[in-house]
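K.L.:
Numbering (the numbering used here), first residue to last: 595 to 810.
Now the structure itself:
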């Protein structure tokens with residue numbers, strides 16, 4: 595088969611990683627917020643770590659199958675320890691971003707107007723997630739982080755995911771958890787579809803039809 599020839603559509607390669615990544619992140623964020631609000635912080639962080647790891651492992655699997663590429667921490671030259679450290683670093687940084695948003699929102703509400711608190715905390719989340727998405731995309735595409743910091747599509751997926759999270763917290767506070775779940779799941783689904791289209795490692799031809807899956 596020629597390097598640029600597409601392989602037949604495969605559920606395992608083209609659909610399953612998208613499902614795992616999307617639901618992994620959704621379950622992680624939804625129940626993380628649930629347990630954070632109940633002040634069960636350790637369980638919340640563990641769930642968020644597992645969900646984010648599931649998301650990134652699904653994306654790395656997809657990249658290896660679609661592009662046949664050894665990207666960043668997936669490279670064969672990396673030891674298992676190096677791969678584990680790399681995954682934990684990029685996953686841990688995102689956990690910190692979401693946690694800063696939550697605690698910032700709760701703390702500022704006690705000091706200033708709740709609306710102002712929400713805006714300030716939301717800005718923290720958006721800036722943190724934009725840096726996170728830029729890092730993810732730079733690693734996957736073998737480019738520089740600064741190539742994505744002001745990228746319109748990267749900004750769009752950041753606002754989409756953060757908007758889902760902000761609305762999820764709002765509806766949690768209104769005791770409308772079903773609405774919160776629906777909004778977060780919809781936001782992550784659209785985000786992963788769009789972000790998946792942005793992944794094209796430099797100098798690596800696609801060997802599979804592009805699925806709608808990506809890391810956040």
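Where a beta carbon is used, it is the ideal one built from N, C-alpha and C, also for glycine. The structure displayed is predicted, hence computed values, not measured ones.
Take residue 702 and list the residues in its own chain whose beta-carbon comes closer than 7 angstroms to its own, dropping the five residues that flank it on each side.
P.N.:
711, 714, 715
K.L.:
Give me the residue from 673, 640, 625, 606 with the minimum Cα distance to residue 655.
P.N.:
606
K.L.:
Could you work out which residue in 637, 638, 627, 647 is closest to residue 616 when comparing CA atoms only?
P.N.:
647
K.L.:
Taking the Cβ atom as the reference point for each residue, do residue 618 and residue 645 lie within a distance shorter than 8 angstroms?
P.N.:
yes
K.L.:
Suppose contacts are defined by Cβ-Cβ distances below 8 angstroms. Is residue 792 in contact with residue 774 by that definition?
P.N.:
no
K.L.:
Which of the three DSSP states, helix, strand or coil, is assigned to residue 674?
P.N.:
helix
K.L.:
May I ask you to report which of helix, strand or coil DSSP gives residue 662?
P.N.:
Here residue 662 sits in coil by DSSP.
K.L.:
Cα-Cα, which of 784, 771, 708, 683 is closest to residue 753?
P.N.:
784
K.L.:
Where does residue 806 fall in DSSP's three states?
P.N.:
Interpretation of residue 806 is limited by its pLDDT of 47, a score under 50 that renders its predicted location unreliable; the figure taken from the coordinates is listed afterwards. Note: residue 806 maps to coil in three-state DSSP.
K.L.:
Just reading off the alpha helix (DSSP H) that residue 786 is part of, what are its end residues?
P.N.:
771-790
K.L.:
If you follow the alpha helix (DSSP H) that residue 728 is in, where does it begin and where does it stop?
P.N.:
Per DSSP, the unbroken alpha helix (DSSP H) holding residue 728 starts and ends at 708-735.
K.L.:
Rounded to whole angstroms, what's the CA-CA distance from residue 778 to residue 627? Just pull it up for me.
P.N.:
12 angstroms
K.L.:
Between which two residues does the alpha helix (DSSP H) harbouring residue 571 extend?
P.N.:
Residue 571 lies beyond the stretch modelled for the chain, which goes from 595 to 810, so this question has no answer here.
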